[in-house]
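Novice: In the numbering used here, the protein residues as written are 92 to 287.
Note that the Cβ used here is the ideal one computed from N, Cα and C, for glycine as well.
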């Protein structure tokens with residue numbers, strides 16, 4: 092059995108929660124231990140995509156442990172080497188900006204900072220409508236940071252949302268394996284699918 096522990100942090104791209112949770116379940120079934128980290132906003136906001144309490148219950152059920160939901164709870168992740176890889180899926184434009192500028196004001200950003208402090212890898216799974224606009228500079232900055240990797244991504248609707256990028260959830264397990272080996276899964280930029 093795989094003894095590797097994955098931190099799985101989720102922040103507020105609520106429309107992608109179902110796909111993120113499916114991949115969390117798939118990783119668990121592959122034998123990985125899961126340490127869930129849920130942003131304060133994601134843990135408390137009901138949206139048209141679902142109730143926060145329902146998502147939280149499902150996440151904790153998959154991981155078979157309570158989710159970290161505070162900055163204080165996330166701080167020991169790196170020093171105590173609690174995870175081998177910290178995943179942020181989904182990673183919003185807001186979280187991307189905070190990580191690019193060293194802002195640590197949520198449990199998700201603290202989890203990432205803490206893991207990087209211990210020189211352990213982080214995998215960002217982008218889901219943001221402004222990745223090719225205001226968030227582009229932050230994406231570019233983080234592409235050049237040691238121990239930060241990305242799940243390959245694509246424009247999800249280049250006609251209606253030309254600046255939006257979403258990482259391919261089906262590639263998350265492969266991106267995890269690559270990041271654990273210290274490499275970026277390629278190609279990073281994928282061709283559009285569907286109506287594009």
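In chain order, what residues of the same chain have a beta carbon less than 8 Å from the beta carbon of residue 264, not counting five sequence neighbours either side?
Specialist: Here residue 264 is taken as the residue at index 173 of the chain shown, counted from 1. In the same chain as residue 264, and ignoring 5 residues on each side of it, the C-beta atoms closer than 8 Å to its own belong to 114, 117, 118, 121, in chain order.
Novice: In this structure, how does DSSP classify residue 194 when only helix, strand and coil are distinguished?
Specialist: What you label residue 194 is simply residue 103 of the chain shown in a count that begins at 1. Reduced to three states, the DSSP call for residue 194 is coil.
Novice: Taking 7 Å as the cut-off, does the CB of residue 242 come closer than this to any heavy atom belonging to the ligand COA?
Specialist: In the structure shown, the ligand COA is absent, as is every other ligand, since no ligand is present at all.
Novice: Beta strand (DSSP E) containing residue 264: first to last residue?
Specialist: Here the question's residue 264 lines up with position 173 in the chain shown. Not the beta strand (DSSP E): residue 264 falls in the alpha helix (DSSP H), residues 263-271.
Novice: Hey, is the region 151-164 in contact with the region 127-135, meaning 3+ C-beta pairs nearer than 8 Å?
Specialist: yes
Novice: Output the distance between the C-alpha atoms of residue 92 and residue 245, rounded to the nearest integer angstrom.
Specialist: In the chain shown, residue 92 corresponds to position 1, counting from 1. In the chain shown, residue 245 corresponds to position 154, counting from 1. Caution applies to residue 92, whose pLDDT of 44 falls short of 50 and renders its modelled position unreliable; the value that the coordinates give is listed next. Distance between the alpha carbons of residue 92 and residue 245 is about 33 Å.
Novice: With a Cβ-Cβ cutoff of 8 Å, do residue 165 and residue 201 count as a contact?
Specialist: To locate residue 165, count along the chain shown from 1; it is residue 74. To locate residue 201, count along the chain shown from 1; it is residue 110. Their beta carbons are under 8 Å apart, which means residue 165 touches residue 201 by this criterion.
Novice: Taking the beta carbon of residue 206 as the centre, do at least 16 other beta carbons fall within 10 Å, making it buried, or is it exposed?
Specialist: To locate residue 206, count along the chain shown from 1; it is residue 115. Burial call: buried.
Novice: Unbroken beta strand (DSSP E) runs of length 3 or more, entirely within the region 111-188: which are they?
Specialist: 124-129, 176-182
Novice: Would DSSP call residue 276 helix, strand or coil?
Specialist: In the chain shown, the residue the question calls residue 276 occupies position 185. Coil, per DSSP.
Novice: DSSP on residue 211, reduced to helix/strand/coil?
Specialist: Here residue 211 refers to the residue found at position 120 of the chain shown. Coil, per DSSP.
Novice: Return the CA-CA distance between residue 177 and residue 260, expressed in angstroms with no decimal places.
Specialist: To locate residue 177, count along the chain shown from 1; it is residue 86. To locate residue 260, count along the chain shown from 1; it is residue 169. Their backbone Cα atoms lie some 16 Å apart in a straight line.
Novice: Going by DSSP in three states, residue 222 sits in which element: helix, strand or coil?
Specialist: Stepping through the chain shown from its first residue, residue 222 is reached at position 131. Residue state, collapsed to three classes: coil.
Novice: Find out if the Cβ-Cβ distance for the pair residue 224, residue 243 is shorter than 8 Å.
Specialist: Locating residue 224 in the chain shown gives position 133, counting from the first residue. Locating residue 243 in the chain shown gives position 152, counting from the first residue. No, the pair does not count as a contact, with Cβ atoms beyond the cut-off.
Novice: Counting only the same chain and skipping the five closest in sequence on each side, list residues whose C-beta sits under 8 Å from that of residue 167.
Specialist: Translated into positions along the chain shown, residue 167 becomes position 76. Closer than 8 Å at the Cβ level, and outside the excluded window around residue 167, lie 173, 205.
Novice: Closest by CA to residue 98, which one among 220, 240, 214, 108?
Specialist: Position 7 of the chain shown, counted from the start, is the residue given in the question as residue 98. Minimum Cα distance to residue 98 is reached at 214.
Novice: State the Cα-Cα distance for the pair residue 185 and residue 248, rounded to the nearest angstrom.
Specialist: Taking the chain shown and counting its residues from 1, one reaches residue 185 at position 94. Taking the chain shown and counting its residues from 1, one reaches residue 248 at position 157. Taking the straight line joining both Cα atoms gives about 20 Å.
Novice: Please report the straight-line C-alpha distance between residue 171 and residue 183, rounded to a whole angstrom.
Specialist: The count along the chain shown starts at 1 and reaches residue 171 at position 80. The count along the chain shown starts at 1 and reaches residue 183 at position 92. Answer to the nearest angstrom: the Cα atoms are 27 Å apart.
Novice: Once you ignore the five residues that flank residue 283 on each side, which residues in its own chain have a CB closer than 7 Å to its CB?
Specialist: The count along the chain shown starts at 1 and reaches residue 283 at position 192. Correct list, in chain order: 245, 246, 249.
Novice: Output the boundary residues of the alpha helix (DSSP H) element that contains residue 103.
Specialist: Taking the chain shown and counting its residues from 1, the one referred to as residue 103 is at position 12. Segment: none, residue 103 is in no alpha helix (DSSP H) and carries neither H nor E.
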